[in-house]
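Asker: In the numbering used here, the protein residues as written are 732 to 871. Cβ atoms here follow ideal geometry from the backbone N, Cα and C, with glycine treated the same way. Before I ask anything, here is the structure I am working with.
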C-alpha cells in the first residue's frame, strides 16, 4: 500500500483501517466508504475515502475533486483497473467499477447530490462533467 501524498487522506485511511471500519467513517459529518485500488502508473495499492453513495447494494464513486478543472488522480486508476475493494464501515466487498453515462449517470448523480449536496456546487465550479462510476459487487 502506497499512502496518499495528501495528509487528510492518510489520516482518514489510517483511522478507518486501524479501527476495522468503526472510526474515520465520516468526513464533514457525512458517511464515507474506503476504496482500495491499483495505481494506473505505479501498480501499487492506493486507498481513497469517498462520500458514501449507495443504492440497492451498489455504490457510486464521484470523481469531483471538489470541482477542480481536472479529474482526481484515482479516476485513471478506476478506468485502467476497474476491479477494486470497497469498505463500508466494517464490511468489505470486491467490486467492479464502470463509468456511467446518459440516463444512468443522471440517476446516480441525483443520488449523489442527495447524499452529499456539495456535489451540485462542485459541478458549477468546473467546465468538465464530473465522472460517475457505479461500483457493483463482483460475482463469486
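(1) Start and end of the beta strand (DSSP E) containing residue 825?
(2) If you compare alpha carbons, which of 778, 756, 828 and 818 is closest to residue 736?
(3) Do you know offhand how far residue 859's Cα is from residue 806's?
(4) Determine the DSSP secondary structure at residue 858, reduced to helix, strand or coil.
(5) Start and end of the beta strand (DSSP E) containing residue 818?
(6) Write down the C-beta distance between residue 792 and residue 828 rounded to the nearest angstrom, noting that I regard them as a contact closer than 8 Å.
(7) Would DSSP call residue 785 helix, strand or coil?
(8) Who are the near neighbours of residue 863 in its chain, counting only those whose CB is closer than 8 Å to its CB and skipping five residues on each side?
Answerer: Reading off the structure:
(1) Start and end: 822 to 830.
(2) Selected option, being the one with the closest Cα: 778.
(3) Their backbone Cα atoms lie some 13 Å apart in a straight line.
(4) The answer is coil: DSSP assigns residue 858 none of H, G, I, E or B.
(5) Under the DSSP assignment, residue 818 falls in the beta strand (DSSP E) whose first and last residues are 814 to 819.
(6) At roughly 6 Å, the Cβ-Cβ gap stays under 8 Å, so residue 792 and residue 828 are in contact.
(7) DSSP, read as helix, strand or coil, puts residue 785 in strand.
(8) Excluding positions up to five away in sequence, the list reads 791, 792, 793, 794, 830, 831, 836, 839, 840 and 843.
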